[in-house]
Amino acid sequence: MKIYDNITETIGRTPLIRTRHLGRDLGADIVMKLEFFNPLGSVKDRIGKAMIETAEKEGRLKKGMKIIEPTSGNTGIALAFVAAAKGYPITLV
(Lines of atoms letter the chains of each structure in order from A and count residues from 1; the text may use other names and numbers.)
(Lines give C-alpha, C1' and ligand atoms only; values in the text may rest on other atoms or scores of the structure.)
Protein backbone atom coordinates (compact mmCIF):
# COMPACT_ATOMS: atom_id res chain seq x y z
CA MET A 1 0.00 0.00 0.00
CA LYS A 2 1.34 3.45 -0.92
CA ILE A 3 2.10 5.89 1.87
CA TYR A 4 1.70 9.57 0.99
CA ASP A 5 3.64 12.46 2.50
CA ASN A 6 0.77 14.96 2.18
CA ILE A 7 -3.00 14.46 2.06
CA THR A 8 -3.22 16.53 -1.13
CA GLU A 9 -1.30 13.79 -2.95
CA THR A 10 -4.36 11.55 -2.63
CA ILE A 11 -6.62 13.96 -4.54
CA GLY A 12 -7.58 12.52 -7.90
CA ARG A 13 -6.41 9.01 -7.14
CA THR A 14 -9.95 7.74 -7.24
CA PRO A 15 -10.68 4.23 -8.48
CA LEU A 16 -12.53 3.13 -11.58
CA ILE A 17 -15.02 0.30 -11.07
CA ARG A 18 -16.28 -1.78 -13.99
CA THR A 19 -20.00 -2.45 -13.99
CA ARG A 20 -20.70 -6.03 -14.93
CA HIS A 21 -24.34 -5.61 -15.91
CA LEU A 22 -24.71 -2.11 -17.36
CA GLY A 23 -23.79 -2.01 -21.02
CA ARG A 24 -23.54 -5.76 -21.37
CA ASP A 25 -26.28 -5.79 -24.04
CA LEU A 26 -24.47 -2.98 -25.87
CA GLY A 27 -21.16 -4.78 -26.03
CA ALA A 28 -19.57 -1.98 -24.03
CA ASP A 29 -17.56 -1.72 -20.86
CA ILE A 30 -19.01 0.93 -18.58
CA VAL A 31 -16.90 2.11 -15.68
CA MET A 32 -17.70 4.41 -12.78
CA LYS A 33 -15.23 6.95 -11.40
CA LEU A 34 -15.64 7.03 -7.62
CA GLU A 35 -14.93 10.68 -6.84
CA PHE A 36 -16.24 10.24 -3.30
CA PHE A 37 -12.89 8.55 -2.56
CA ASN A 38 -11.26 12.00 -2.68
CA PRO A 39 -10.31 13.25 0.81
CA LEU A 40 -13.31 15.60 0.99
CA GLY A 41 -15.58 13.34 -1.03
CA SER A 42 -16.03 15.74 -3.93
CA VAL A 43 -14.84 16.23 -7.49
CA LYS A 44 -14.16 19.83 -6.37
CA ASP A 45 -11.09 18.53 -4.51
CA ARG A 46 -9.34 18.39 -7.89
CA ILE A 47 -10.25 22.00 -8.70
CA GLY A 48 -8.99 23.34 -5.36
CA LYS A 49 -5.70 21.51 -5.74
CA ALA A 50 -5.28 22.57 -9.38
CA MET A 51 -5.99 26.25 -8.63
CA ILE A 52 -3.41 26.43 -5.85
CA GLU A 53 -0.76 24.37 -7.62
CA THR A 54 -1.14 26.40 -10.82
CA ALA A 55 -0.70 29.64 -8.87
CA GLU A 56 2.43 28.17 -7.23
CA LYS A 57 3.91 27.04 -10.55
CA GLU A 58 3.26 30.42 -12.15
CA GLY A 59 4.88 32.22 -9.21
CA ARG A 60 1.67 34.01 -8.22
CA LEU A 61 1.50 32.15 -4.89
CA LYS A 62 4.55 31.81 -2.67
CA LYS A 63 5.27 30.78 0.92
CA GLY A 64 4.03 33.38 3.38
CA MET A 65 1.31 34.73 1.09
CA LYS A 66 -2.38 34.68 2.01
CA ILE A 67 -5.11 33.44 -0.32
CA ILE A 68 -8.29 35.51 -0.58
CA GLU A 69 -10.98 33.96 -2.75
CA PRO A 70 -14.62 34.88 -3.42
CA THR A 71 -16.21 31.46 -3.41
CA SER A 72 -18.75 29.25 -1.71
CA GLY A 73 -19.70 25.63 -1.60
CA ASN A 74 -17.43 22.70 -2.33
CA THR A 75 -14.86 24.73 -4.28
CA GLY A 76 -14.28 26.95 -1.25
CA ILE A 77 -14.05 23.95 1.03
CA ALA A 78 -11.51 22.31 -1.28
CA LEU A 79 -9.44 25.51 -1.49
CA ALA A 80 -9.42 25.81 2.30
CA PHE A 81 -8.40 22.16 2.65
CA VAL A 82 -5.51 22.38 0.18
CA ALA A 83 -4.38 25.77 1.52
CA ALA A 84 -4.27 24.39 5.07
CA ALA A 85 -2.36 21.29 3.97
CA LYS A 86 0.20 23.49 2.19
CA GLY A 87 0.45 26.05 5.01
CA TYR A 88 -1.28 28.99 3.34
CA PRO A 89 -3.66 31.16 5.33
CA ILE A 90 -6.92 31.63 3.43
CA THR A 91 -9.96 33.87 3.65
CA LEU A 92 -13.07 32.89 1.70
CA VAL A 93 -15.62 35.63 1.08
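Numbering-wise, the sequence shown is residues 6 to 98 according to my numbering. No residue lacks a Cβ here, since even glycine has one placed at the ideal position from N, Cα and C. The structure presented is a predicted model; accordingly, all values stated were derived computationally and were not measured.
When DSSP states are grouped into helix, strand and coil, Val98 belongs to the coil group. Asn43 counts as buried, since no fewer than 16 other beta carbons sit within 10 angstroms of its beta carbon. No Cβ-Cβ contact shorter than 7 Å links Gly28 with Ile22.
When Ala60, Lys49, Gly81 and Pro20 are compared, the shortest CA-CA separation from Met37 is found for Pro20. Contact between Phe86 and Gly53 holds: their C-beta atoms lie close to 6 Å from each other, under 8 Å. Straight across, the Cα-Cα distance linking Thr80 with Leu31 is about 36 Å. Around Lys67, the same chain offers Glu61 as residues with beta carbons nearer than 8 Å, after the five sequence neighbours per side are excluded.
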